[in-house]
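Heads up: the structure comes next, in structure tokens.
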């Protein structure tokens, strides 16, 4: 299958899967936040929390399966996962806007994941990360097209590992606040900026090296 039809198929899948995810959140908010979603978070009944954590794990498994079940090289599998996750996450918020008229602002706070701790941030942060993931995926596919046997240097590997770690740290920043049943007010944008700059630098150097 050629790259463009493959990406188109993945995009259609991700958009549809995003609707399923958004619909589940509509039900959860109707159950837990009948007067509208807000911070501090309401306590989640233990059984509902267990179901939600399992659902999040299943969501990641589904997105991973989309790429891991293919017969492509590792870099393509990684690229397709990044692309699928990015499109899925962006359209998750698009569908929430359609279904609930939420978020009102891109700076509204949201709960992103519950595994292994509560991830929180303004909506803009995960959207930026998702856009970045899509760009990374296209760059990886381009590099693989130039040289199927390309190698990532040690420095590039370190930078590409450091980037998601910094992103996760930014999302975990307010865990103590959430555990105290308070509303988060500060998000460490500097960590996100460093993370994205680091990864883009690594991929750009890889791209330029293989393009020669």
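In our numbering, the protein residues as written are 1017 to 1228.
Beta carbons are placed, not taken as given, at the ideal position from N, Cα and C, and that holds for glycine.
- Using a C-beta cut-off of 8 Å, the region 1046-1065 makes contact with the region 1178-1198, since at least three inter-stretch Cβ pairs fall below that distance.
- For residue 1028, the three-state secondary structure derived from DSSP is helix.
- Ranked by Cα distance from residue 1146, the options 1169, 1103, 1158 and 1040 are led by 1103.
- DSSP places residue 1138 in the uninterrupted beta strand (DSSP E) bounded by 1136-1138.
- Residue 1105 is not bridged by DSSP to any residue.
- For residue 1125, the pairing in a beta bridge is given by DSSP as 1138.
- Taking all protein chains shown into account, residue 1122 has fewer than 16 neighbouring C-beta atoms within 10 Å of its C-beta and is therefore exposed.
- Cα atoms of residue 1027 and residue 1177: separation of roughly 25 Å, rounded to the nearest angstrom.
- Judged by DSSP secondary structure, residue 1201 falls outside any alpha helix (DSSP H); it is assigned neither H nor E.
- Of the residues 1141, 1201 and 1169, the one whose Cα lies closest to the Cα of residue 1210 is 1141.
- Here the alpha carbons of residue 1049 and residue 1030 stand approximately 27 Å from one another.
- Fewer than three beta-carbon pairs drawn from the region 1119-1135 and the region 1146-1160 are found closer than 8 Å, and the two stretches are therefore not classed as touching.
- By a beta-carbon distance limit of 8 Å, residue 1072 contacts residue 1131. Their separation comes to about 6 Å.
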